[in-house]
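First to last, the sequence lines map onto chains A and B.
If you're matching positions, the first sequence starts at 1 in my numbering and goes up one per residue.
If you're matching positions, the second sequence starts at 1001 in my numbering and goes up one per residue.
The next block holds one structure in the form of structure tokens; read it before the comments.
2 protein chains.
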Amino acid sequence: MKKKLIVQKFGGTSLSNIQKIQSAANRIKKKIKSGCNVVVIVSALGKTTDYLQSLINKIDINGDAREIDTILSSGEQASSGLMALFLNKIGINARSFLGWQIPILTNKSYGKAKILDINVNFLKQIIKNGVTPIIAGFQGISEELRITTIGRGGSDTTAVAIASKLHADRCEIFTDVDGVFTTDPRYVKKAKKINNLTYDEILEMASVGAQVLEPRSVSLAKKNNVPLIVKSSFRNIEGTNISKARKIIEKRNVSGIVFSKNDSKITLLGVPDKPGVAAKIFGSLARKDINVDMIVQNISVDGKFSDLTFTVSENDLFRAKKSINKIKKEVGIKNILPDSKVAKLSIVGIGMRTNAGIAEEMFKALAKEKINIDLISTSEIKISVLISRKHILKAVNVLHKVFKLSDKIKK
Amino acid sequence: MKKKLIVQKFGGTSLSNIQKIQSAANRIKKKIKSGCNVVVIVSALGKTTDYLQSLINKIDINGDAREIDTILSSGEQASSGLMALFLNKIGINARSFLGWQIPILTNKSYGKAKILDINVNFLKQIIKNGVTPIIAGFQGISEELRITTIGRGGSDTTAVAIASKLHADRCEIFTDVDGVFTTDPRYVKKAKKINNLTYDEILEMASVGAQVLEPRSVSLAKKNNVPLIVKSSFRNIEGTNISKARKIIEKRNVSGIVFSKNDSKITLLGVPDKPGVAAKIFGSLARKDINVDMIVQNISVDGKFSDLTFTVSENDLFRAKKSINKIKKEVGIKNILPDSKVAKLSIVGIGMRTNAGIAEEMFKALAKEKINIDLISTSEIKISVLISRKHILKAVNVLHKVFKLSDKIKK
Chain A
1 MKKKLIVQKF GGTSLSNIQK IQSAANRIKK KIKSGCNVVV IVSALGKTTD
51 YLQSLINKID INGDAREIDT ILSSGEQASS GLMALFLNKI GINARSFLGW
101 QIPILTNKSY GKAKILDINV NFLKQIIKNG VTPIIAGFQG ISEELRITTI
151 GRGGSDTTAV AIASKLHADR CEIFTDVDGV FTTDPRYVKK AKKINNLTYD
201 EILEMASVGA QVLEPRSVSL AKKNNVPLIV KSSFRNIEGT NISKARKIIE
251 KRNVSGIVFS KNDSKITLLG VPDKPGVAAK IFGSLARKDI NVDMIVQNIS
301 VDGKFSDLTF TVSENDLFRA KKSINKIKKE VGIKNILPDS KVAKLSIVGI
351 GMRTNAGIAE EMFKALAKEK INIDLISTSE IKISVLISRK HILKAVNVLH
401 KVFKLSDKIK K
Chain B
1001 MKKKLIVQKF GGTSLSNIQK IQSAANRIKK KIKSGCNVVV IVSALGKTTD
1051 YLQSLINKID INGDAREIDT ILSSGEQASS GLMALFLNKI GINARSFLGW
1101 QIPILTNKSY GKAKILDINV NFLKQIIKNG VTPIIAGFQG ISEELRITTI
1151 GRGGSDTTAV AIASKLHADR CEIFTDVDGV FTTDPRYVKK AKKINNLTYD
1201 EILEMASVGA QVLEPRSVSL AKKNNVPLIV KSSFRNIEGT NISKARKIIE
1251 KRNVSGIVFS KNDSKITLLG VPDKPGVAAK IFGSLARKDI NVDMIVQNIS
1301 VDGKFSDLTF TVSENDLFRA KKSINKIKKE VGIKNILPDS KVAKLSIVGI
1351 GMRTNAGIAE EMFKALAKEK INIDLISTSE IKISVLISRK HILKAVNVLH
1401 KVFKLSDKIK K
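Set out below in structure tokens:
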């Protein structure tokens, strides 16, 4: 029988000291001894990348992205060597590989490069020779032979890209939590680990602020149908399985509740209700690289003016205001009302597709607690509302209870 | 007129924080603005290499040298990028280069690789294009496309090798001291900076323990006749110039006094005085990679037995004793007397070549202070003595005074 091929990715928190590196190495060894071929992807140790970024920030945060990538990629270089060293010590024939040594070819968008090609034949030959490759995550090489990085959290993407190209049986993402939770356990005591999720669910959860997996890596896994598992690198328990369709027998409408507290709202009063106005407003923001999230335009009563409300990241609020102010006169906006005290709360679940009553249940529960909803946006498997930031703790707990997320899953 | 080409090397202590990196960058800029082409070599920031080595030591100090080199070389990777970032910020068109990007080809002796070739045509083209190359020191690439390192202090060697190959006008080594001193200022208050030294003098000083320049880099500079300057990266003062022959008008017999306190002495009593015995003894040590420094064999009185005394590094004392013990019976050695409480003291100076009275002056001065001399070894420009470790402070001060090293140099 052909050996199973497993890609295992260890994040920085799983490699923050020698004991943790050892524990990760033992985990890899155990998997190999169980009869699998393993390909390992490592992040930089602990907070190494943050430290390097802090040095960069002190020098020139907007400096040459090629130099910044050279600096940042050094963290994964060290950790891949250290992991190979440890594995060799405990009897596993392992070897570190840097992005340029495989190579992992990317485009030239330094700092957020896209993987174009991976020399998998070389990796296959390495594996065939009985060597376990320890690949430095987050990095590649461009055609001009300079080191690239593929964005923060990029080691997840490296892992999924390698797993896809090698047609791995699965890709295991080891982290410092037990898996993906119904909501943030720091806010809801009864938050529970979710055993099974679909790619779409985790994508919606990630896009609204759950820092579990890099969204690009999930999209890539979905595209290539690579089974993902998020699990603890410290505790020996089952993690969260992520695949195309979770078992239908798990009856559940809402899978998780996610929220973000770094949103800000801008309301434009008295916006002329004529074609091209919205394009002008959002175009001016886009040109400043300001991402707009939720947008609601009130129906114009007199056919002449309407109100427009949208959200941006709190970091962008000042720049967004400034940008709108510049076109205020030209567009004919009467007033700009910024509000940085808002939070976005979302419920996500593949079951919502076929259950129309979920939204009503959510709004009712919030209304009962006298929590006002500012904005609403929905997708097929997600409902997001914008509420006052001071209500977030109460709101999450209420919804967690209403949707019975701490109950045992019915099968 | 052709622009001068200067190689500037900055060590870890010159790059231990953002202010120091900035100060080094400004120094580079000033040199460029004065009309020179500059090639920069950087070490890792501050104690980065020590930190990485400490991680390696915790895992497997005798592990795969290829992995260790991958780990250690990451420090210079980060610093080359950071320096390039800083220079670009202050208006200098600079670019980082890693060993594999030039490439600097070395042999496969990982951890202590020898530079075989440097693609200087590529570097010349870069310089011609108006770009200042910031080269990661200490690293290269082997023919099997893996990162190599060339030994601790290797950035000096990288700098001199680059300077040689580019036929640079000089190679400036920036460090945290003002230059090379007549002796260790921590021991002798009146120690003075030496303005001019020859390659041979600095080599003798380095080989007997002065941690100023990596000896291999000096040999390379001597071989290629590259003028070296050791100077402070913080203070704007002239450093120490090192060249083939220093100005004859500087009348000086002794240039400097150096000492090391990590020597140990082993005396073998009653060694049979017949051919092949010394070879057997030192062969057994060499096979264990134990370096023997000074050797003295007493004249055999009866023609049958003599005493043999030699020094090894204190770290090797135990292993040396063990090794001799193994052949004690076979060779017929009567007794082994180890002594770890010794120190080696040397006076170095090119003027000693033509002045026979120096040795006598040294021995007299020590005798006057009742400091006993255990062993003596000499070269053309150096006299070393082994004395009791407890006398070292007194001995250095006495000799510093006797040879008038704190006086103004007569011209």
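Cβ atoms here follow ideal geometry from the backbone N, Cα and C, with glycine treated the same way.
Bear in mind that the values here come from a model prediction, so they are computed numbers and not experimental data.
task: Report the partner residues of Arg1186 of chain B according to the DSSP bridge assignment.
output: Indexing the second sequence from 1 puts residue 1186 of chain B at position 186. For Arg1186 of chain B, DSSP records no beta bridge to any residue.
task: Closer than 8 Å, Cβ to Cβ, to anything on chain A: give me those residues from the stretch 1049-1061 of chain B, in chain order.
output: Close to chain A, meaning a Cβ-Cβ distance shorter than 8 Å, are the following residues of the stretch 1049-1061 of chain B: Leu1052, Leu1055, Ile1056, Lys1058, Ile1059 and Asp1060.
field: 8 Å contact criterion, which Ile1336 of chain B and Ile1266 of chain B should meet: CB distance rounded
entry: For the purposes of this step, residue 1336 of chain B is taken as residue 336 along the second sequence, with counting starting at 1. For the purposes of this step, residue 1266 of chain B is taken as residue 266 along the second sequence, with counting starting at 1. For a cut-off of 8 Å, the C-beta gap from Ile1336 of chain B to Ile1266 of chain B is around 7 Å, short enough to register as a contact.
task: Report buried or exposed for Gly276 of chain A, applying the criterion of at least 16 other Cβ atoms within 10 angstroms of its Cβ.
output: Within the first sequence, the letter at position 276 stands for residue 276 of chain A. Residue environment for Gly276 of chain A: exposed (fewer than 16 other C-beta atoms within 10 angstroms of its C-beta).
task: Output, in chain order, the set of chain A residues within a Cβ distance shorter than 8 Å of Gln1101 of chain B.
output: As a first step, residue 1101 of chain B must be located in the second sequence, where it is residue number 101. Neighbours of Gln1101 of chain B on chain A, chain order: Leu145 and Arg146.
query: Does DSSP put Asn1044 of chain B in a helix, in a strand, or in coil?
result: Along the second sequence, read from residue 1 onward, the residue named residue 1044 of chain B stands at position 44. Per the sequence shown, the amino acid found at residue 1044 of chain B is Ala instead of Asn. The three-state secondary structure of Ala1044 of chain B, taken from DSSP, is coil.
- prompt: In three-state terms, what does DSSP make of Val1398 of chain B?
  reply: Here residue 1398 of chain B corresponds to residue number 398 of the second sequence, with the count starting at 1. Here Val1398 of chain B sits in helix by DSSP.
message: What would DSSP say about Pro227 of chain A, mapped onto helix, strand or coil?
response: Residue numbering aside, residue 227 of chain A sits at position 227 when the first sequence is read from its first letter. Here Pro227 of chain A sits in coil by DSSP.
- request: Note down, in chain order, all residues in the stretch 63-74 of chain A with a beta-carbon under 9 Å from any beta-carbon belonging to chain B.
  value: Residues of the stretch 63-74 of chain A with a C-beta atom less than 9 Å from some C-beta of chain B are Gly63, Asp64, Arg66, Glu67, Ile68, Asp69, Thr70, Ile71, Leu72, Ser73 and Ser74, listed in chain order.
Inter-residue CB distance, Ala1159 of chain B and Gly1137 of chain B (contact presumed, cutoff 8 Å): Residue mapping note: residue 1159 of chain B aligns to position 159 of the second sequence, counting from 1. Residue mapping note: residue 1137 of chain B aligns to position 137 of the second sequence, counting from 1. Ala1159 of chain B to Gly1137 of chain B, Cβ: 7 Å. Contact.
- prompt: Run through DSSP, which three-state label would Leu98 of chain A get?
  reply: Locating residue 98 of chain A in the first sequence gives position 98, counting from the first residue. Coil, per DSSP.
field: Distance CB(Gly1011 of chain B)-CB(Thr1048 of chain B) smaller than 8 Å
entry: Along the second sequence, read from residue 1 onward, the residue named residue 1011 of chain B stands at position 11. Along the second sequence, read from residue 1 onward, the residue named residue 1048 of chain B stands at position 48. Taking 8 Å as the Cβ cut-off, Gly1011 of chain B and Thr1048 of chain B do not qualify as a contacting pair.
field: Inter-residue Cα distance where the pair is Pro1227 of chain B and Arg1170 of chain B
entry: Position 227 of the second sequence, counted from the first residue, corresponds to residue 1227 of chain B. Position 170 of the second sequence, counted from the first residue, corresponds to residue 1170 of chain B. Cα to Cα, Pro1227 of chain B sits roughly 5 Å from Arg1170 of chain B.
query: Using CA coordinates, which residue listed in A:Gly63, A:Ser80 and A:Ser306 is at the minimum distance from Val39 of chain A?
result: The count along the first sequence starts at 1 and reaches residue 39 of chain A at position 39. Comparing Cα positions, the closest option is A:Ser80.
query: Which ranges would you report for the beta strand (DSSP E) in the stretch 283-330 of chain A if only whole runs of at least 3 residues count?
result: 292-297 and 305-313, all fully within the stretch 283-330 of chain A.
- prompt: If you draw a straight line from the alpha carbon of Val292 of chain A to that of Glu314 of chain A, how long is it in whole angstroms?
  reply: Taking the first sequence and counting its residues from 1, one reaches residue 292 of chain A at position 292. Taking the first sequence and counting its residues from 1, one reaches residue 314 of chain A at position 314. If I take the Cα positions, the gap works out to 11 Å.
query: Are the Cβ atoms of Val254 of chain A and Ile358 of chain A separated by less than 8 Å?
result: Position 254 of the first sequence, counted from the start, is the residue given in the question as residue 254 of chain A. Position 358 of the first sequence, counted from the start, is the residue given in the question as residue 358 of chain A. The beta carbons of Val254 of chain A and Ile358 of chain A sit closer together than 8 Å.
- prompt: When the Cα of Gly1283 of chain B is compared with those of B:Ile1237, B:Val1331 and B:Ile1135, which residue comes out closest?
  reply: The residue given as residue 1283 of chain B occupies position 283 in the second sequence. Closest option to Gly1283 of chain B, Cα to Cα, is B:Val1331.
message: I'd like to know whether the C-beta of Gly332 of chain A is nearer than 8 Å to at least one C-beta of chain B.
response: Residue mapping note: residue 332 of chain A aligns to position 332 of the first sequence, counting from 1. Output row for Gly332 of chain A: interface = no.
query: What are the boundary residues of the beta strand (DSSP E) that Ala1343 of chain B is part of?
result: Looking up residue 1343 of chain B in the second sequence gives position 343. Unbroken beta strand (DSSP E) run through Ala1343 of chain B: Asn1335 to Val1348.
message: So for Gly1270 of chain B, helix, strand or coil by DSSP?
response: If you number the second sequence from 1, residue 1270 of chain B lands on position 270. In the displayed model, Gly1270 of chain B falls within a strand according to three-state DSSP.
- request: To the nearest angstrom, report how far apart Ile1249 of chain B and Glu1380 of chain B are at their CA atoms.
  value: Indexing the second sequence from 1 puts residue 1249 of chain B at position 249. Indexing the second sequence from 1 puts residue 1380 of chain B at position 380. At Ile1249 of chain B, the pLDDT of 48 sits below 50, so the modelled position is not reliable and the matter cannot be decided from this model.
task: Would you mind telling me which residues of chain B sit closer than 9 Å to Asn88 of chain A, beta carbon to beta carbon, in chain order?
output: As a first step, residue 88 of chain A must be located in the first sequence, where it is residue number 88. Listed along the chain, the chain B residues whose CB falls inside 9 Å of the CB of Asn88 of chain A are Asp1060, Gly1063, Asp1064 and Glu1067.
- request: State yes or no: is the beta carbon of Ser142 of chain A nearer than 8 Å to at least one beta carbon in chain B?
  value: For the purposes of this step, residue 142 of chain A is taken as residue 142 along the first sequence, with counting starting at 1. So, not an interface residue.
message: Below 8 Å on the Cβ atoms is my contact criterion, and I expect Ala1024 of chain B with Ser1034 of chain B to pass it. Report the Cβ-Cβ distance as a whole number of Å.
response: Walking along the second sequence from the start, residue 1024 of chain B turns up at place 24. Walking along the second sequence from the start, residue 1034 of chain B turns up at place 34. Taking a contact as a CB-CB distance under 8 Å, the pair Ala1024 of chain B and Ser1034 of chain B does not count as one, their CB atoms being some 16 Å apart.
- request: Could you tell me which residues DSSP pairs with Val1218 of chain B in its beta bridges?
  value: Here the question's residue 1218 of chain B lines up with position 218 in the second sequence. Residue pairing of Val1218 of chain B in beta bridges, as defined by DSSP: absent, with no partner found.
message: For Gly1091 of chain B, would you say it is in contact with chain A, using Cβ-to-Cβ distances shorter than 8 Å as the test?
response: Translated into the one-based positions of the second sequence, residue 1091 of chain B becomes position 91. It does not: the Cβ of Gly1091 of chain B has no partner Cβ on chain A nearer than 8 Å.
message: Per DSSP, what are the beta-bridge partners of Cys1171 of chain B in this structure?
response: Sequence index remark: in the second sequence, residue 1171 of chain B carries index 171 (1-based). Per DSSP, B:Val1007 and B:Leu1228.
task: Determine the contact status of Leu85 of chain A and Asp1064 of chain B, defining contact as a CB-CB distance below 8 Å.
output: For the purposes of this step, residue 85 of chain A is taken as residue 85 along the first sequence, with counting starting at 1. For the purposes of this step, residue 1064 of chain B is taken as residue 64 along the second sequence, with counting starting at 1. Yes; because the gap between Cβ atoms is below 8 Å, this pair is in contact.
message: What does the alpha-carbon distance come out to for the pair Ser1164 of chain B and Ser217 of chain A?
response: The sequence position of residue 1164 of chain B within the second sequence is 164, counting from 1. The sequence position of residue 217 of chain A within the first sequence is 217, counting from 1. Distance between the alpha carbons of Ser1164 of chain B and Ser217 of chain A: 48 Å.
task: Return no unless some Cβ of chain B is closer than 8 Å to the Cβ of Gly423 of chain A.
output: Here chain A comprises residues numbered 1 to 411, so residue 423 of chain A is not present and cannot be evaluated.
Ser80 of chain A at chain B interface by Cβ criterion, 8 Å: Walking along the first sequence from the start, residue 80 of chain A turns up at place 80. So yes, Ser80 of chain A belongs to the interface.
query: Hey, quick one: how far does the beta strand (DSSP E) through Thr1132 of chain B stretch, first residue to last?
result: On the second sequence, residue 1132 of chain B is found 132 positions in, with the first residue counted as 1. Where Thr1132 of chain B is concerned, the enclosing beta strand (DSSP E) stretches over Thr1132 to Ala1136.
message: Between the alpha carbons of Ile1127 of chain B and Leu1087 of chain B, how many angstroms are there, rounded?
response: Here residue 1127 of chain B corresponds to residue number 127 of the second sequence, with the count starting at 1. Here residue 1087 of chain B corresponds to residue number 87 of the second sequence, with the count starting at 1. For the pair Ile1127 of chain B and Leu1087 of chain B, the Cα-to-Cα distance works out to about 15 Å.
- request: Alpha carbon to alpha carbon, how far is Val120 of chain A from Tyr199 of chain A? Give it in angstroms, no decimals.
  value: Mapped onto the first sequence, residue 199 of chain A falls at position 199. Mapped onto the first sequence, residue 120 of chain A falls at position 120. C-alpha of Tyr199 of chain A to C-alpha of Val120 of chain A: approximately 25 Å in a straight line.
- prompt: Does DSSP put Val120 of chain A in a helix, a strand or coil?
  reply: As a working note, residue 120 of chain A is residue 120 in the first sequence. Here DSSP, grouped into helix, strand and coil, assigns Val120 of chain A to helix.
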